[in-house]
Each structure stands twice: as C-alpha cells, then as structure tokens.
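To get the numbering used here, take the position in the first sequence, counting from 1, and add 227. All C-beta atoms in this analysis are idealised placements derived from N, C-alpha and C, irrespective of residue type, glycine included. These figures come from a predicted structure and were not determined experimentally.
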Amino acid sequence: MARWAEFAATLDAVSRTPSKREKVTLLAAYLRRLPEEALRVACTYLTGRVLPPGDPDKLQIGWSTIVEVLKELSGATDREVSELYLRWGDLGDVAAELVARRRAVPLFREPLTLEGAHAQLRRAAAARGKGAAEFRAAVLRALLEQAQPMEAKFLVRVLTGDLRIGLKEGLLQEAVAEAFGARPGAVRRADLLSSDLGEVACQARRGELAAASLRYFRPFRFMLAGTLADPAEPFHDGPQEVLAEDKYDGVRVQVHRLGDRVTLYSRTLDDVTDSFPELRQPLLQLGPAYIADGELVAWAGQRPAPFQRLQQRLRRLDPFQVAEQVPVALFLFDVLKLGEQDLMDLPLAERRQRLQAMEFSGPVRLASARPVRDVASLREAFRDARERGNEGLVVKRLDAPYRPGRRGGLWLKWKEPLATLDVVVVGAEYGHGKRAGWLSDYTFAVWDGDRLRVVGKAYSGLQDAEIAELTQFFLHHTVRDFGHFKAVEPKVVLEVAFDAVTRSDRHDSGYALRFPRIVRVRADKTPREASTLEEVEALYRQQREG
DNA sequence: GTCACCGAGCGGC
DNA sequence: CTCAGACCGATTCGG
DNA sequence: CCGAATCGGTCTGAGGCCGCTCGGTGAC
228 MARWAEFAAT
238 LDAVSRTPSK
248 REKVTLLAAY
258 LRRLPEEALR
268 VACTYLTGRV
278 LPPGDPDKLQ
288 IGWSTIVEVL
298 KELSGATDRE
308 VSELYLRWGD
318 LGDVAAELVA
328 RRRAVPLFRE
338 PLTLEGAHAQ
348 LRRAAAARGK
358 GAAEFRAAVL
368 RALLEQAQPM
378 EAKFLVRVLT
388 GDLRIGLKEG
398 LLQEAVAEAF
408 GARPGAVRRA
418 DLLSSDLGEV
428 ACQARRGELA
438 AASLRYFRPF
448 RFMLAGTLAD
458 PAEPFHDGPQ
468 EVLAEDKYDG
478 VRVQVHRLGD
488 RVTLYSRTLD
498 DVTDSFPELR
508 QPLLQLGPAY
518 IADGELVAWA
528 GQRPAPFQRL
538 QQRLRRLDPF
548 QVAEQVPVAL
558 FLFDVLKLGE
568 QDLMDLPLAE
578 RRQRLQAMEF
588 SGPVRLASAR
598 PVRDVASLRE
608 AFRDARERGN
618 EGLVVKRLDA
628 PYRPGRRGGL
638 WLKWKEPLAT
648 LDVVVVGAEY
658 GHGKRAGWLS
668 DYTFAVWDGD
678 RLRVVGKAYS
688 GLQDAEIAEL
698 TQFFLHHTVR
708 DFGHFKAVEP
718 KVVLEVAFDA
728 VTRSDRHDSG
738 YALRFPRIVR
748 VRADKTPREA
758 STLEEVEALY
768 RQQREG
C-alpha cells in the first residue's frame with residue numbers, strides 16, 4: 228500500500244520548483260517506487276481526475292460538497308471559509324488549514340493510502356438514488372477525518388480537478404517515460420490512444436507500450452486545431468495547397484462502427500450514442516467497419532441552427548421527444564480506420580478520398596471543404612463558409628497525418644469575433660489561484676437609457692500589470708463591498724470582443740455574450756460614451772439573420 | 001404523498 | 001471555448 | 001567561433017455562458 232502522505236509530499240515538492248526538468252525528475256523517482264495499483268491510481272489522479280475519461284460513473288463531489296464537509300469538520304462558518312478562500316485563492320489550501328483545526332481528531336489514525344482512498348471514492352462515484360449525495364459527502368468526510376493537512380490539500384485538489392503543481396499532461400507523460408525507461412514519444416502515443424495514463428504507466432513498467440494501437444470502441448483523443456493568426460499564414464512556407472474546410476458550430480464526435488455496433492464518443496470520450504438515435508441507421512449504412520471524425524450540429528433544414536439548440540439534445544435521456552423539434556446533422560471530415568487498416572499516418576488528402584467514397588445518407592453528410600492555393604481563395608472560402616451559416620474555416624495541411632491530442636499548425640481554425648462593445652465595469656471580483664488577491668474578474672454593463680444593464684463578465688485579455696492597476700483603482704472606487712464581490716463606481720470602460728450574443732436571464736439586460744474577452748482598456752472613453760442595449764439587440768438580430 | 005422548483009455537478013463551446 | 005505568461009530548446013546576433 | 005539574447009513551440013493556469021440530470025426540499 229502506498230501512503231497518501233508521500234504522494235502529497237511529492238506533489239508539494241513538484242509544485243515548489245519552477246524548473247520543468249526538475250518537476251519531471253522528482254515525479255519520476257516517486258512513480259518508480261509505487262506498486263502496481265498505486266501507480267495506476269497516482270497517475271490518474273495526477274491528470275486531475277479520479278476516474279479515467281469515458282468512465283460512465285461520475286464522482287459528483289464538487290465545490291459545495293467540499294465546503295460543506297470542511298465546515299462540519301472544523302466548525303468554521305461560511306464567513307470564515309470565504310475569508311480563508313480570499314486569502315489562499317485555492318480550496319485545497321483552505322482544506323489544509325481547516326483540517327488542521329478539526330474539532331474531533333481521531334485517536335487512532337489509519338494512515339491514508341492511495342489504494343484505500345481510491346476504493347472509497349469509487350464507491351462514492353457508483354452511488355445512485357436516494358441518499359447518494361449524502362453518501363458521497365460521508366465518504367469525503369471520512370477521508371478528511373483521517374487526513375493530515377498536506378494530505379487534505381492534495382485530496383481536495385484532486386477532487387476539484389486542479390493540482391496546481393505546474394505539471395500536467397505533457398510533463399506527466401515525460402515523467403512516466405523517465406520512471407520506467409520508456410521513450411517519451413511511446414508514452415505519449417499510448418496515452419493519446421487510450422487516454423488512461425494509469426493504465427499506460429503500468430504498461431510502460433512492464434515494457435508493453437509498443438502494443439498500443441487503434442482499436443474499435445476504444446476512443447482516443449481528438450486532433451485539435453491551433454488558431455490562425457493571419458490568413459496568409461498557411462502559405463508562409465512557400466506556395467502550397469491546403470484544405471479549407473467549413474468550421475461547423477456544434478459538438479465534436481468520434482464514430483466507431485463494427486459488426487452491428489455504432490458508438491458516438493464525445494471529446495471527453497463519453498458514449499453519447501443514445502442521445503442521437505436517428506444517426507444509427509445512416510451510420511451503419513456508411514460502411515461496414517470504420518472510425519470517423521466529425522462535427523454534430525443542430526440542423527434547420529438547409530442550414531445549421533445555433534449551438535444552443537444542439538445543447539437541448541446533449542445528454543438528453545428522452546431523445547425521441549426532442550429529435551423532431553431539434554433535428555441534427557453529422558458532418559464527417561476524417562476517417563481514421565477502415566476495416567483493419569489504420570489510416571492515421573496517411574496524409575489527409577488520402578484519408579479524405581477514402582471518406583468521400585463512403586455511403587453517405589440522410590443526416591450523415593460530408594463536411595464541405597475545398598483545396599485552395601492562395602490567400603485570395605482562402606478568403607473567398609471563408610466568406611462562403613459564413614454564407615452557409617458556419618463559424619468560419621479550419622485550414623488543414625493536405626500532407627498531414629492525424630495527430631491525436633495535438634493542437635498544432637497542421638490544422639488552423641479561422642473565425643472572426645462577431646463584434647466588440649465598449650462596456651462599463653460595474654463590479655469586480657477576486658480571482659482564484661495565482662490571481663488570489665487581485666480583482667481580476669469584471670462584471671460589465673451597457674446603457675439602457677440612463678440605466679446600466681449587465682451583459683456579462685470577463686477575465687481574460689488583460690496583462691498582469693493592467694490587472695494590478697485596475698485592482699488599485701477599484702479598491703478606491705468601491706460602492707458596496709460584499710467581500711468576494713465589490714460593486715464599483717461606473718468609471719472604467721473596457722472594449723470586449725465576443726463570438727455571439729445569446730438571450731439569457733442570467734443578467735438583467737436579458738442578453739449574454741459568448742466567449743467574452745477584453746481587448747483593451749478604453750482610457751480614452753468616458754462611461755457615458757459606452758455602448759447601449761440597442762446596439763446589443765441589433766447585434767443579436769444581425770447574427771440571427773446570418 | 002406528489003409535484004414543482006432549486007442548487008449542484010458536469011460537460012459542451 | 002479564450003488569452004497571458006513561463007519555460008526550454010533552437011536559432012540568431014554581437015563581440 | 002562562442003556565449004548571450006531572442007524567438008517560437010508548447011504547456012500551464014485562470015475564468016466565461018449554456019442546458020441537461022439528479023437529489024433534496026418546500027409547497028400544496
């Protein structure tokens with residue numbers, strides 16, 4: 228059995244050093260010492276999850292449950308917890324502190340082990356029905372009662388899915404490789420194909436990594452796209468042909484079909500087949516044995532419907548009831564396996580040819596794409612994609628293999644913000660983690676006559692120095708102080724960009740923005756010069772008309 | 001005892 | 001999904 | 001020609017809105 232205390236101490240050591248190499252070395256040395264089951268558990272936890280992706284059980288222990296249990300354990304009040312949180316900016320640190328002042332410290336403390344804790348958490352994840360929530364809380368309570376402060380800190384961080392030790396996926400794979408003398412590339416490949424690093428680590432130790440391969444009904448990581456900075460970018464290394472493919476605004480899915488089985492996997496590798504029963508027949512018909520990649524969209528007869536419509540069908544348990552109201556279309560753009568032949572390393576041009584030869588029917592369609600050789604045609608393709616009601620383009624190198632889990636230059640997405648608005652900041656909140664102590668999160672509004680109506684919040688886009696400056700400013704211009712949240716004088720104007728406007732009852736304007744990000748502080752504008760609700764409404768109508 | 005609603009958790013972008 | 005910042009290896013520049 | 005500065009790739013961390021499901025709870 229492997230002690231949780233050692234696991235925690237290792238994570239703590241890793242978090243202390245800024246050097247990536249040293250992080251990897253520290254972790255590798257620890258992993259090497261672990262027995263099999265502990266190794267599996269440790270590696271899964273190090274990915275910030277208790278269960279591997281795709282596991283049908285979900286832990287369902289979140290922020291609130293943890294806070295409730297910590298309060299019971301320590302006798303702390305809501306106010307104390309929130310003050311501690313303001314100080315630390317991290318629930319794990321709060322847990323460490325509160326566990327240290329537990330009311331009833333058990334006389335005999337069984338040391339926590341990775342194996343033991345995991346067995347308990349597994350049971351919690353499997354709980355269903357009446358009393359399930361209470362059972363989950365009880366499991367957590369029992370674990371925290373046994374835990375030392377440092378152990379509690381990392382238990383809570385595993386539960387919140389955020390280790391904050393400056394080591395995640397890539398470095399974790401390196402650590403596993405270093406621990407067992409495997410090639411980093413081999414570990415990475417195996418991880419991307421199985422997405423279960425715990426399992427991969429065990430294989431690495433046994434020297435069985437090479438066996439990893441594409442298998443039916445073993446979903447693997449999706450290939451991702453980087454962001455296109457400039458439309459000329461794809462042609463920078465001289466003239467060449469790239470594929471300009473429509474970027475559909477929907478949900479990415481991986482389709483596995485073999486025998487009489489068809490399964491759709493989401494990006495988290497969860498099985499979402501049952502939400503889309505009408506796709507089964509056309510997918511059976513598409514071919515006898517294949518793995519394909521595509522985007523599932525809500526479909527309005529001739530063109531795509533907004534993403535929100537599709538959400539109504541996601542994870543829906545009674546799909547037949549809404550299937551008629553929210554029809555979908557599945558646009559396939561890649562094929563990774565045909566029969567027993569692995570196509571991943573073939574160039575996209577060839578994969579696309581194989582895909583085009585398949586038997587498309589009904590709602591299963593071929594994604595719209597065309598080869599282009601210059602910037603002018605690329606721009607034209609972008610306009611056409613927008614005409615068809617799509618978000619923009621994904622520009623793909625025709626010579627590129629399929630690289631699971633990679634977000635590189637082989638695929639580049641090109642979309643444009645819908646617009647920008649000049650908004651007035653009316654509230655500011657303290658950030659989390661490394662933003663603890665900074666007012667880094669801004670609630671903003673637009674004018675409705677002479678009233679300010681909130682349209683959203685934004686965080687990203689500002690540089691640390693600007694956040695520091697705004698923090699000082701807002702501390703001096705706070706109207707009402709709610710602790711974590713401060714209502715501030717409407718003085719600061721921000722320019723925010725966003726991809727869409729949605730109707731929403733979250734804010735009093737009746738609207739919200741999709742993907743808001745701060746472009747800059749408009750020091751040159753007075754609050755009165757900020758945008759109006761009419762402008763927001765106009766944008767909302769404009770995007771609907773496409 | 002039933003039902004409607006709410007909050008929490010999760011995963012989609 | 002977004003963007004900023006940190007680290008690290010590779011490349012370029014200056015002495 | 002070598003060491004220093006800089007560049008680019010890759011990774012990490014922080015936080016936004018939407019809609020579904022489930023368990024718990026309060027109203028009737």
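- Annotation: the continuous alpha helix (DSSP H) that includes H703 extends over D691 to H703.
- A417 and A406 have their alpha carbons spaced roughly 16 Å apart.
- Annotated as distal: T729 and Q539, with beta-carbon spacing of 9 Å or more.
- Linking P338 to V308 through their CA atoms gives a straight-line distance of about 26 Å.
- Between T490 and the set A532, Y657 and P446, the nearest pair of CA atoms involves P446.
- Annotation note: the stretch 465–498 contains the following uninterrupted beta strand (DSSP E) runs of length 3 or greater, listed N- to C-terminal: 469–474, 478–485 and 488–492.
- For E337, there is no enclosing alpha helix (DSSP H), as DSSP marks it with neither H nor E.
- Closest by C-alpha distance to V332, out of G358, Q373, W315 and V366, is Q373.
- Per DSSP, the unbroken beta strand (DSSP E) holding I745 starts and ends at R744 to V748.
- A straight line joining the alpha-carbon of E618 with that of R328 spans about 53 Å.
- S440 sits close to D569, with the two beta carbons spaced by under 9 Å.
- With a cutoff of 9 Å on beta-carbon distance, P554 and P590 are scored as near each other.
- A Cβ-Cβ distance of about 4 Å is found for the pair V366 and A351, placing them in contact under the 8 Å criterion.
- A229 is a Cβ neighbour of P262, given a cutoff of 9 Å.
- In this structure, the beta-carbon distance from Q347 to A235 does not fall below 9 Å.
- Relative to D520, the option among V478, K357 and F709 whose CA is nearest is V478.
- W665 sits in coil when the DSSP states are folded into three classes, being neither helix nor strand.
- As computed with DSSP, R624 is found in a beta bridge with V469.
- Every alpha helix (DSSP H) stretch that sits fully inside the stretch 270–327 and reaches 4 residues is listed by chain position as 290–301, 305–315 and 318–327.
- For E522, no alpha helix (DSSP H) run applies; the uninterrupted beta strand (DSSP E) run containing it begins and ends at Y517 to A527, by DSSP.
- The three-state secondary structure of D569, taken from DSSP, is strand.
- If you look at R592, you'll find it in the beta strand (DSSP E) that goes V591 to L593.
- Per DSSP, reduced to three states, the secondary structure at V719 is coil, with no helix or strand assignment.
- DSSP, reduced to helix, strand and coil, places D732 outside both helices and strands of the structure shown, so it counts as coil.
- Under DSSP, A655 forms a beta bridge with Y669 and K713.
- Counting of Cβ neighbours within 10 angstroms places K285 among the exposed residues, the total staying below 16.
- For V296, the CB contacts under 7 Å within the same chain, skipping 5 residues up- and downstream, are A364, L367, R368 and L371 in chain order.
- In this structure, A516 and L605 do not form a Cβ contact; the two beta carbons are roughly 35 Å apart against a cut-off of 8 Å.
- Using a Cβ distance threshold of 9 Å, L390 and A322 do not count as a contacting pair.
- Between V748 and T647, the CB-CB gap reaches or exceeds 9 Å.
- For L637, the uninterrupted beta strand (DSSP E) run begins and ends at R634 to K642, by DSSP.
- Comparing alpha-carbon positions, the option among R634, G302, L258 and A459 lying closest to Q400 turns out to be L258.
- When the beta-carbon positions are compared, G393 and P245 come within less than 9 Å of each other.
- Secondary structure at S604: helix, using DSSP grouped into helix, strand and coil.
- In the structure shown, T244 adopts coil according to DSSP, grouped into three states.
- According to the DSSP secondary-structure assignment, Y738 is paired through a beta bridge with R730.
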